[in-house]
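What follows is one structure encoded as structure tokens, with my remarks underneath.
2 protein chains.
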Amino acid sequence: MSFDRDKLRWNGWGRSAESMELSQARSEAVLTALSQRFGRPLTRGPMAVPIEAVSLPDTRLTPEARAALVAVLGEASVRVDAKSRAQHAAGKSFPDLLRIRGGKLERAPDAVLYPENVTAVAAALRVAQAEGLAVVPFGGGTSVVGGVEPLLPEGKRAVVALDTTRLDKLLALDTVSRTATFEAGIDGPSLESILSAHGYTLGHFPQSFEHSTLGGWIAARSSGQQSDGYGGIETMLVSARLLTPRGELKTIGVPRHAAGPDLKEAILGSEGTLGVIVEATLRIREKPAVQDIRGMMFRDFAAGVSAIRALMDAELPMTMMRLSDAQETDLSLLLKRDPARSFDPTATFLNATRALGYGDRRSVMLFGIEGNDRRTVSAQMLKAQAIGMRQGGLPLGKGPGNSWKKERFKTPYLRDFLLDEGVAIDTMETAFCWRDLARGHEHVVEALRSATLTHAGAGLSMGHVSHSYPDGACVYFIVLYPLAQEDRVAQWQAIKSAGMDAIVACGGTVSHHHGVGIDHAAWLAAEKGELGMASIRALKATLDPDGMMNPGKLV
Amino acid sequence: MSFDRDKLRWNGWGRSAESMELSQARSEAVLTALSQRFGRPLTRGPMAVPIEAVSLPDTRLTPEARAALVAVLGEASVRVDAKSRAQHAAGKSFPDLLRIRGGKLERAPDAVLYPENVTAVAAALRVAQAEGLAVVPFGGGTSVVGGVEPLLPEGKRAVVALDTTRLDKLLALDTVSRTATFEAGIDGPSLESILSAHGYTLGHFPQSFEHSTLGGWIAARSSGQQSDGYGGIETMLVSARLLTPRGELKTIGVPRHAAGPDLKEAILGSEGTLGVIVEATLRIREKPAVQDIRGMMFRDFAAGVSAIRALMDAELPMTMMRLSDAQETDLSLLLKRDPARSFDPTATFLNATRALGYGDRRSVMLFGIEGNDRRTVSAQMLKAQAIGMRQGGLPLGKGPGNSWKKERFKTPYLRDFLLDEGVAIDTMETAFCWRDLARGHEHVVEALRSATLTHAGAGLSMGHVSHSYPDGACVYFIVLYPLAQEDRVAQWQAIKSAGMDAIVACGGTVSHHHGVGIDHAAWLAAEKGELGMASIRALKATLDPDGMMNPGKLV
Chain U
41 MSFDRDKLRW NGWGRSAESM ELSQARSEAV LTALSQRFGR PLTRGPMAVP
91 IEAVSLPDTR LTPEARAALV AVLGEASVRV DAKSRAQHAA GKSFPDLLRI
141 RGGKLERAPD AVLYPENVTA VAAALRVAQA EGLAVVPFGG GTSVVGGVEP
191 LLPEGKRAVV ALDTTRLDKL LALDTVSRTA TFEAGIDGPS LESILSAHGY
241 TLGHFPQSFE HSTLGGWIAA RSSGQQSDGY GGIETMLVSA RLLTPRGELK
291 TIGVPRHAAG PDLKEAILGS EGTLGVIVEA TLRIREKPAV QDIRGMMFRD
341 FAAGVSAIRA LMDAELPMTM MRLSDAQETD LSLLLKRDPA RSFDPTATFL
391 NATRALGYGD RRSVMLFGIE GNDRRTVSAQ MLKAQAIGMR QGGLPLGKGP
441 GNSWKKERFK TPYLRDFLLD EGVAIDTMET AFCWRDLARG HEHVVEALRS
491 ATLTHAGAGL SMGHVSHSYP DGACVYFIVL YPLAQEDRVA QWQAIKSAGM
541 DAIVACGGTV SHHHGVGIDH AAWLAAEKGE LGMASIRALK ATLDPDGMMN
591 PGKLV
Chain V
41 MSFDRDKLRW NGWGRSAESM ELSQARSEAV LTALSQRFGR PLTRGPMAVP
91 IEAVSLPDTR LTPEARAALV AVLGEASVRV DAKSRAQHAA GKSFPDLLRI
141 RGGKLERAPD AVLYPENVTA VAAALRVAQA EGLAVVPFGG GTSVVGGVEP
191 LLPEGKRAVV ALDTTRLDKL LALDTVSRTA TFEAGIDGPS LESILSAHGY
241 TLGHFPQSFE HSTLGGWIAA RSSGQQSDGY GGIETMLVSA RLLTPRGELK
291 TIGVPRHAAG PDLKEAILGS EGTLGVIVEA TLRIREKPAV QDIRGMMFRD
341 FAAGVSAIRA LMDAELPMTM MRLSDAQETD LSLLLKRDPA RSFDPTATFL
391 NATRALGYGD RRSVMLFGIE GNDRRTVSAQ MLKAQAIGMR QGGLPLGKGP
441 GNSWKKERFK TPYLRDFLLD EGVAIDTMET AFCWRDLARG HEHVVEALRS
491 ATLTHAGAGL SMGHVSHSYP DGACVYFIVL YPLAQEDRVA QWQAIKSAGM
541 DAIVACGGTV SHHHGVGIDH AAWLAAEKGE LGMASIRALK ATLDPDGMMN
591 PGKLV
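In the order they appear, the protein sequences are chains U and V. Following the working numbering, the numbering of the first sequence begins with 41 at its first residue and continues without gaps. Following the working numbering, the numbering of the second sequence begins with 41 at its first residue and continues without gaps.
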């Protein structure tokens, strides 16, 4: 098994050995700047307790149920120790972190199962059903919407986490059709490393890539950082195999069909509520030899949006276009500044360009093109730059791209660092059609800012366009505020709700790529409508009639 | 209302005023050649009876039900006359034609409703439910899989066709998001002409384009002739509005979401069994100024398939790649030959190229590129030709493309002409992943040929690649055979079944773009699996609990 959960932070983001890697001087500079912007000194937050100090409720798994699970999975694959349970007690949402850092877990799975193959998953589901257990499929556990909370529904005796990470094999590589079939518990780096050895890539790089699994990507309808070129997980998915309490649902492996509704789409976004995704066949691509990512600065966000539209119209093979608004550009520049250096070239550059109109509303875009031929990519990149420049863009060269590549999976570590320092940082994302985007961006940023003032006395809010489509784009919002001294979850909920209300009011979806989980469930009915919710519930009732799969999520 | 059903053949394909337009000499040459290939003289089939001579079963619509429908729709919109009923008695499948040409319609809707707007559709559904009527949503009526048969299920008193073609308005044109919202009864030419006036196109051109509707395209998961460039209807659909017996299901108008399963995909392919699709928002594109379509001849089908793969790898903006196998190439050339001309340049060309290896296995491909800039398109076309030539392709220039453009919607008329002459011609299509494609193509063609020998004493079968994807392609099969003197539906069913069995055995889908209807229903469970079928039935039970919508189709 390549996935090693012991190397991951159980109560924070990512690998225990990794962090944002800010120097002492840079850390202090960031905190000073945030304090200035909040207009108040920061109060260090409560430290996270070590895993040994965690208090867990007693397991509700009966000896009989445990024996039945052990009979099909083996002793070592049915764990009730505190560490295993704590590691599977939550995902990585902001309220998850608030709860779990305190060390007093009111919720934890009563056991953790580690089936080693598909047969074992099916056996585990049968025992769970017979023993009245709820089952939470658990891959990387990186859900940021409460998608893996171990909720015990009425009528169930206990809840178990079903850890899928031992299902990590390549089952078939079809180089003719250019597809690969994997067990769905495989994590991002393992999957890419197997494909890479054969000269292929999936091209799916969500920010959780290093610690999330294929099954999780499908279950949450994930979308990666290069989705402008590679599409979301739904574009890559050819077919999937779902083990439900009623048996197996396997979709056909053809490129397209008109054989009634596409059942793949019932598995995509099912969030573990219908069963366990155990296998998937994916479209793969030849790994590109050249990746060119550059930065460009616009006078304002709107000019950057125009550039994105123009780049799409030019049908250039963009793999990413990531446009920060003025506030996010400002925060990014702040994180880059190193007070230990006597000469700050960034500050000099910003001062010089201010005279050219790139002032406080300046917005930086990262844009990338991939290909096999260096000259073709260079030519396309030149064309892309020229298009951006026609919208007033100032080329920033490859520096910002290289820096992004280095830090692309690092940013979430910032959250833990800031939490230690008493600063809350949370994100939410939506998709708007282009016509709604400018107004939507403005309203949501304003709603978040206003909510931080009400509920935290101060705060910053910002956003960026992260994934673009012919008819619209994803806008990803970030909010920072001073953490309350108590009722921190309520404080978060109030601010989160303000953001979500604004998103829905402006025509956005409750989620572009994070999923619904428990955090967005309250807004889902507004999006799906009464009959839409009834349809999703009917599907659930058909495949999981006892309501044992990931209870409390989605529906 | 732009759609005029009176101008369409009620018992054959398309417009009454149009046909294949073969000269007498060419017709005779085609029939002689077919007779030679069948190894027997052709016996003219039974002529189609005129609509006045049609005998229909009495309407089962009670005066009370009729009065209730008239009360909400108006007198003129509730029709029980023979012509209206005959026009809505069948689609355009081969068994439909066999039945309907005889003039004795054992099945016909008991009434035809013509709601003029969405409110009227909702009212009609309410009355139908109250009066125990089954409802068949009827757009263009071009289903080739029995998708609009007026079947009366147990427990229902009568069945009505709900003609959607008065729902033909443009509701919104969002030039910022580049989307258009239409009422779903609009037909292809009306939709394109409205978009064209604003400089846009949808780019959806199924062979039924001239007589089919937007709602039908969505209901059947249609795919057009330029889907290599524009995608299938699912690629174009942003959101849809479905009126069900339980109320309205409307999906959100965003470019992408991760808010649980995508309910658009429950509407796509629903084939009228869940409700009436009344509105849809579609991604539109700027109408390209240049369309360049050319022909290329390969030594065999496999070389052509290699060329398609190479063109896809080159990421050229192909809008179509249509590769005929040797038998279809042969038939196409036969249809092109004009015996009235003393010099046949095609024959001369074929003789000359035979020496270069383009013999009996030669396979012709049509391939197209579109764009706004003539020079760019020319350069791309040159590159495409060079790629094809590396697979042994012989460029045939623009002639074949021009000829295809002229006849692209004409080919189905051939069926009526041949039926008159006692020759059956039917089509079926599937999608295979690339690895299965060569074997699948070969097996299905052979299964069809063998079935024609058994059930018709002679026959021809052939296929072409019509829509390509990174991981596979659609193969479209054509079968011709001498029509039996009696039990013609049974003869067709035996041959059709042999083809479908072979498709399923080789890993293909029961339909790439025609849909399921009644003709493919027997094979659907093999593709969807037990739980898949249960899921589709659960959706149906939720949205149409009384089973009143298009009974007998799909599930």
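In this text, a Cβ means the ideal position worked out from N, Cα and C, and glycines have one as well.
Name the chain B residues that come within less than 7 Å of serine 217 (chain V), Cβ to Cβ? Chain labels in this structure do not include chain B; the protein chains are U and V.
Taking glycine 272 (chain V) as the query, report the chain U residues whose CB atoms sit under 7 Å from its CB, ordered along the chain. Here the question's residue 272 (chain V) lines up with position 232 in the second sequence. Counting only Cβ-Cβ distances below 7 Å, glycine 272 (chain V) has contacts in chain U at Arg296, in chain order.
Are any of the Cβ atoms in chain U nearer than 8 Å to that of aspartate 214 (chain V)? Residue 214 (chain V) sits at position 174 when you count from the first residue of the second sequence. Using a CB distance cut-off of 8 Å, aspartate 214 (chain V) counts as an interface residue toward chain U.
Please compile the residues from chain U whose C-beta is within a distance smaller than 7 Å of the C-beta of isoleucine 292 (chain V). Your numbering for residue 292 (chain V) matches position 252 in the second sequence. Near isoleucine 292 (chain V) (Cβ distances below 7 Å), the residues of chain U are Thr549, Glu567.
Taking three-plus beta-carbon pairs below 8 Å as touching, is the stretch 292-301 of chain V in contact with the stretch 258-277 of chain V? The answer is no - the stretch 258-277 of chain V does not touch the stretch 292-301 of chain V, with fewer than three Cβ pairs under 8 Å.
Considering only residues of the same chain and omitting the five flanking positions on each side of leucine 210 (chain U), which have a CB-CB separation below 6 Å? Position 170 of the first sequence holds residue 210 (chain U). So the qualifying residues of the chain are Phe222, Ile234.
Considering only DSSP beta bridges, list what threonine 321 (chain V) is partnered with. Here the question's residue 321 (chain V) lines up with position 281 in the second sequence. In the DSSP output, where bridge partners are listed per residue, threonine 321 (chain V) has V:Thr221, V:Ser279.
Within chain V, the residues that glutamate 68 (chain U) reaches when beta carbons sit closer than 8 Å: As a first step, residue 68 (chain U) is located in the first sequence; it is residue number 28 there, counting from the start. Result: empty, since nearest Cβ-Cβ is about 37 Å, beyond 8 Å.
Any C-beta of chain V sitting closer than 8 Å to the C-beta of glutamate 355 (chain U)? Counted from its first residue, the first sequence places residue 355 (chain U) at position 315. By this cut-off, glutamate 355 (chain U) is an interface position.
What residues match up with glycine 512 (chain V) in a beta bridge as DSSP calls it? Taking the second sequence and counting its residues from 1, one reaches residue 512 (chain V) at position 472. Paired residue(s): V:Cys473, V:Tyr509.
Taking buried to mean at least 16 other C-beta atoms within 10 Å of its own C-beta, is lysine 132 (chain U) buried or exposed? Within the first sequence, residue 132 (chain U) is the residue found at index 92, counting from 1. Classification of lysine 132 (chain U): buried, given that the 10 Å Cβ count is 16 or more.
Proximity winner among U:Thr102, U:Thr182, U:Lys144, relative to lysine 196 (chain U) (alpha-carbon distances): Numbered from its first residue, the first sequence carries residue 196 (chain U) at position 156. Of the residues U:Thr102, U:Thr182, U:Lys144, the one whose Cα lies closest to the Cα of lysine 196 (chain U) is U:Thr102.
Helix, strand or coil, according to DSSP, for threonine 467 (chain U) in the structure here? Here residue 467 (chain U) refers to the residue found at position 427 when the first sequence is read from its first residue. Of the three classes helix, strand and coil, the one that applies to threonine 467 (chain U) here is strand, per DSSP.
Does alanine 350 (chain U) get closer than 8 Å to chain V when you measure Cβ to Cβ? As a working mapping, residue 350 (chain U) is identified with position 310 in the first sequence. Chain V contact via Cβ: absent.
At a cut-off of 7 Å, would you count valine 595 (chain U) as near the ligand MN, judging by its Cβ distance to the nearest heavy atom? Ligands are entirely absent from the displayed structure, and the ligand MN is therefore not among its contents.
Interface partners of histidine 553 (chain V) on chain U, CB under 9 Å: The residue given as residue 553 (chain V) occupies position 513 in the second sequence. Ordered by position in chain U, the residues that pass the 9 Å Cβ test against histidine 553 (chain V) are Arg296, His297, Ala298.
Between leucine 82 (chain U) and the rest of its own chain, which residues show a CB-CB distance below 8 Å, the 5 nearest in sequence each way excluded? Taking the first residue of the first sequence as 1, we reach residue 82 (chain U) at position 42. The beta carbon of leucine 82 (chain U) is closer than 8 Å to those of Leu71, Leu74, Ser75, Glu461, Gly462, Val463, Pro522 in its chain, skipping five residues each way along the sequence.
Hey, could you find the ends of the alpha helix (DSSP H) arginine 206 (chain V) is sitting in? Indexing the second sequence from 1 puts residue 206 (chain V) at position 166. It is not in any alpha helix (DSSP H) - arginine 206 (chain V) carries neither H nor E in the DSSP assignment.
So, is proline 177 (chain U) buried or exposed, given that buried needs 16 or more other C-beta atoms within 10 angstroms? Here residue 177 (chain U) is taken as the residue at index 137 of the first sequence, counted from 1. It is buried - the Cβ of proline 177 (chain U) has at least 16 other Cβ atoms within 10 Å.
Cα-Cα separation, methionine 588 (chain V) to glutamate 189 (chain V): On the second sequence, residue 588 (chain V) is found 548 positions in, with the first residue counted as 1. On the second sequence, residue 189 (chain V) is found 149 positions in, with the first residue counted as 1. Taking the straight line from one Cα to the other gives about 13 Å.
Restricting to runs no shorter than 4 residues, where is the alpha helix (DSSP H) found entirely within the stretch 388-437 of chain V? With a minimum length of 4 residues, the continuous alpha helix (DSSP H) runs that stay inside the stretch 388-437 of chain V are 414-430.
Unbroken beta strand (DSSP E) run spanning alanine 151 (chain V), endpoints: For the purposes of this step, residue 151 (chain V) is taken as residue 111 along the second sequence, with counting starting at 1. From DSSP, the beta strand (DSSP E) with alanine 151 (chain V) extends over 151-153.
Quick one: which chain U residues come within Cβ less than 9 Å of valine 278 (chain V)? The residue given as residue 278 (chain V) occupies position 238 in the second sequence. Within chain U, the residues near valine 278 (chain V) are Cys473, Asp511, Gly512.
Residues of its chain near arginine 218 (chain V), where Cβ-Cβ distance is below 6 Å and the 5 sequence neighbours each way are ignored: Within the second sequence, residue 218 (chain V) is the residue found at index 178, counting from 1. Short of 6 Å from the beta carbon of arginine 218 (chain V), and not among the five residues preceding or following it, lie these beta carbons of its own chain, in chain order: Ile324.
Which residues share a DSSP beta bridge with phenylalanine 517 (chain U)? Numbered from its first residue, the first sequence carries residue 517 (chain U) at position 477. Note: phenylalanine 517 (chain U) sits in a beta bridge opposite U:Met468, U:Gly503.
Just curious, the beta strand (DSSP E) that isoleucine 558 (chain V) is in, first and last residue? Indexing the second sequence from 1 puts residue 558 (chain V) at position 518. Unbroken run through isoleucine 558 (chain V): none, as it is neither H nor E.
Threonine 359 (chain U): which of U:Thr284, U:Gly441, U:Gln431 sits nearest, CA to CA? Residue numbering aside, residue 359 (chain U) sits at position 319 when the first sequence is read from its first letter. Checked all of U:Thr284, U:Gly441, U:Gln431; the closest Cα to threonine 359 (chain U) is U:Gly441.
At the 8 Å Cβ level, is serine 310 (chain V) part of the contact set with chain U, yes or no? Locating residue 310 (chain V) in the second sequence gives position 270, counting from the first residue. Yes, serine 310 (chain V) lies at the interface with chain U (some Cβ there is under 8 Å from its Cβ).
Classify glycine 335 (chain V) as helix, strand or coil using the three-state DSSP reduction. Position 295 of the second sequence holds residue 335 (chain V). Collapsing the DSSP output to three states places glycine 335 (chain V) in a strand.
What residue does the beta strand (DSSP E) around valine 529 (chain V) start on, and which one ends it? Along the second sequence, one-based indexing puts residue 529 (chain V) at 489. Going by DSSP, valine 529 (chain V) is part of no beta strand (DSSP E) but of the alpha helix (DSSP H) stretching over 528-545.
Who are the neighbours of alanine 581 (chain V) on chain U, taking C-beta pairs under 8 Å? Residue numbering aside, residue 581 (chain V) sits at position 541 when the second sequence is read from its first letter. Taking a Cβ-Cβ cut-off of 8 Å, the neighbours of alanine 581 (chain V) in chain U comprise Ala578, given in sequence order.
So, for proline 328 (chain U): in the same chain, excluding its five sequence neighbours on each side, which residues have a beta-carbon less than 8 Å away from its beta-carbon? Numbered from its first residue, the first sequence carries residue 328 (chain U) at position 288. By the criterion of a C-beta distance shorter than 8 Å, proline 328 (chain U) is surrounded in its chain by Thr241, Glu410, Gly411, Asn412, once the five residues flanking it on both sides are discounted.
My output table needs one value for alanine 356 (chain U): the three-state DSSP class, helix, strand or coil. Residue 356 (chain U) sits at position 316 when you count from the first residue of the first sequence. The sequence given here has leucine at residue 356 (chain U), not alanine. Judged by DSSP in its simplified three-state form, leucine 356 (chain U) adopts coil rather than helix or strand.
Helix, strand or coil for valine 176 (chain U) per DSSP? For the purposes of this step, residue 176 (chain U) is taken as residue 136 along the first sequence, with counting starting at 1. Shown here, valine 176 (chain U) sits in a strand according to DSSP, grouped into three states.
Let me make sure I understand the geometry here. Which of V:Leu375, V:Arg49, V:Arg84, V:Val200 has the alpha-carbon closest to that of glutamine 67 (chain V)? On the second sequence, residue 67 (chain V) is found 27 positions in, with the first residue counted as 1. Sequence inspection shows serine at residue 67 (chain V); the glutamine mentioned does not correspond to that position. Ranked by how close their Cα comes to the Cα of serine 67 (chain V), the residues V:Leu375, V:Arg49, V:Arg84, V:Val200 have V:Leu375 in first place.
Applying the criterion that 16 or more other CB atoms from any shown protein chain within 10 Å of the CB defines a buried residue, is lysine 290 (chain V) buried or exposed? As a working note, residue 290 (chain V) is residue 250 in the second sequence. It counts as buried.
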